[in-house]
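One structure is given here, and the rest of the page talks about it.
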Amino acid sequence: MPKTCPNFTRQCGGCPLLATPYPRQLAEKQQRLEKLLGGFAPVEPVRGMEDPWHYRNKAIASFAMQQGKLVCGLYAEGTHRVLPGTDCLLQQEALNRTLEAVLQAARGCHWTAYDEDRGTGLLRHVVLRGTREGQVLVTLVTPGPALPGSRNFCAALRRAAPWVAGIVHNVNPTATSAVLGNREKVLYGPGQVLDTLCGLRFAISSRSFYQVNPLQTEVLYQTAISLAGLTGKETVVDAYCGIGTIGLCAAASAGRVLGIERNPAAVRDAIANARRNGVTNARFTCADATPWMEQAAREALRPHVVFLDPPRAGSTPACIGAVSRMAPRRVVYVSCDPETLARDVALFARQGYKARKFVPVDLFPHTRHIETVALLTRQEARP
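First residue of the sequence shown: 303, per our numbering; consecutive thereafter.
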């Protein structure tokens, strides 16, 4: 039976499919993928969750003053109106408990919410990152560097939530929709938490890109690595590699891994993650994927496998052209948007690469999002 949430009827956009039974959600996602991708290759059944609740290891809540009282919660869809609530059905239960503790500690400090229209107040957002072991990193976001009473807040939060492993103060003075700014100060702990994924340990900071559903992420990555057909000798390029998760998980089955990522902080994290896990056959470069791939193609780099895990907008025609000139035997494309995947698979087809199969993995139950792993091979090569 579908669960209920009081904010669902108040236009919370966090889980728009909450009223739809989970098997029907999977069936509807399958139908959409068949329509978009079935003309290229077979679409395997969506790999869903046995227990599709409390899976998110990341939470973002915004603060507001309502009836003279500090509250926090998600925005109503399409607005900046905060729907008070600390008990989300999708967030890890440790995050929900932490969010309530953060709210109570902030009230104890008599902190107020930032009013973006008037430019007054203190708290904008709080970002929580959780681990499988139950540790949580708390990041408070304010418009300026002042956070009076921060020591009292940290002490109160640690008493109420001893599983909190770190507290960070992030400064975001901009009037944009971005939650986090570029300046941070660690108030308590190391400023990051460690999570286990596919047997490796990864450091997660407030701004790290890290998949929000750890159970299904392992299914996703294991699927991608299996489709790559690695034997231990291959040169693998991991484009849009983020903090190195896919490449490092694949490194034990490859000869060498070259990771490409344009975010400098993510590259530093990837290098540290390789060192942390004793991975010596992975190298990470800070560069935009498209020009790096074009230069590598000109220099006659010939990888055996290319992983592509681009953002929602997909890859670029120039990057796809460069990959094709490198002539890898297999391209494993991890997509978070079936429409841009269909577009890019069509571009690959014009470059001589044929889709062989699509494997969907439901990382986001109760939302319309779906991740899909696509295997493409050169026309003259068989998978």
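Cβ atoms here follow ideal geometry from the backbone N, Cα and C, with glycine treated the same way.
What you are looking at is a predicted structure, and each value in this text was computed from that prediction instead of being measured.
Cβ-based neighbour list, residue i, same chain, cut-off 7 Å, excluding 5 preceding and 5 following
i    : result
R509 : L482 and A567
R684 : Bear in mind that a pLDDT of 49 at R684, under 50, signals an unreliable position, so the number given afterwards is only what the model happens to contain. No residues qualify anywhere along the chain.
A552 : I527, A530, L532, V538 and V559
V466 : T400, V438, V440, L459 and R460
S617 : L610 and D646
Opening and closing residue of the beta strand (DSSP E) in which residue i lies
i    : result
C374 : K371 to Y377
Q368 : K360 to Q368
K331 : K331 -> not in any beta strand (DSSP E); alpha helix (DSSP H) instead, spanning Y324 to L339.
R431 : H427 to G432
F283 : Not covered by the structure: residue 283. The range shown for the chain is 303 to 685.
D646 : Run containing D646: none in the beta strand (DSSP E); it sits in the alpha helix (DSSP H), P640 to R652.
S637 : R632 to S637
G468 : V466 to V473
T441 : V438 to T444
V384 : V384 to P386
R503 : L502 to I506
V607 : V607 to L610
Chain-order list of residues whose beta-carbon lies under 6 Å from that of residue i (same chain, five-residue window excluded)
i    : result
L397 : A361, L430 and G432
F511 : G544
L442 : V428 and H471
I621 : As written in the sequence, residue 621 is Cys, which differs from the Ile given in the question. A591, T592 and M595.
H668 : C317, L319 and L320
D389 : N398
F690 : Residue 690 lies beyond the range of the chain shown here (303 to 685); nothing can be said about it.
Nearest neighbour of residue i, chosen from the options [CA to CA]
i    : options                   : result
E418 : V466, R434, L392 and N474 : N474
L401 : A589, L376, R326 and C314 : L376
R485 : G623, F666, G446 and A457 : G446
I672 : Q313, E596 and L328       : L328
T478 : H382, T414, A598 and A343 : H382
V675 : H668, D646 and P619       : D646
D540 : N583, A462, V404 and G501 : N583
V404 : C456, L339 and M367       : C456
P492 : L499, A480, G623 and S507 : S507
P308 : G387, G350 and A657       : G387
R614 : T322, Y635 and A624       : Y635
Q681 : Q653, F310 and V348       : Q653
T311 : L339, G340 and L385       : L385
R631 : R658, L372, A648 and A448 : R658
T444 : G380, L550, R460 and A480 : A480
N- and C-terminal bounds of the alpha helix (DSSP H) containing residue i
i    : result
P593 : A591 to R600
D540 : Unbroken run through D540 is the beta strand (DSSP E), T537 to A541; no alpha helix (DSSP H).
T519 : P516 to A530
V404 : E395 to G410
L550 : T547 to A553
A627 : The residue asked about is misnamed: residue 627 is Arg in this sequence, not Ala. Start and end: P619 to M628.
Residues near residue i in its chain [Cβ-Cβ closer than 8 Å; skip 5 each side]
i    : result
R503 : L496, D497, N575, R578 and N579
T679 : R631, R632, V633, Y655, K656, R658 and P685
R585 : R558, V559, L560 and G561
Residue i - partner residues in DSSP beta bridges
i    : result
G561 : D540 and F586
S572 : Note on residue identity: the sequence assigns Ala, not Ser, to residue 572. Note: A572 sits in no beta bridge, so no partner.
F660 : V345 and A676
T498 : R503
C317 : BP columns for C317 are empty, so no partner.
R485 : V473
Segment contact flag, the segment 523 to 536 with the segment 597 to 608, C-beta cutoff 8 Å, min 3 pairs:
yes
With a threshold of 8 Å, are at least 3 pairs of Cβ atoms found where one atom belongs to the segment 569 to 589 and the other to the segment 637 to 646?
no
Would you say the segment 585 to 592 touches the segment 514 to 523, given that touching needs at least three Cβ pairs under 8 Å?
no
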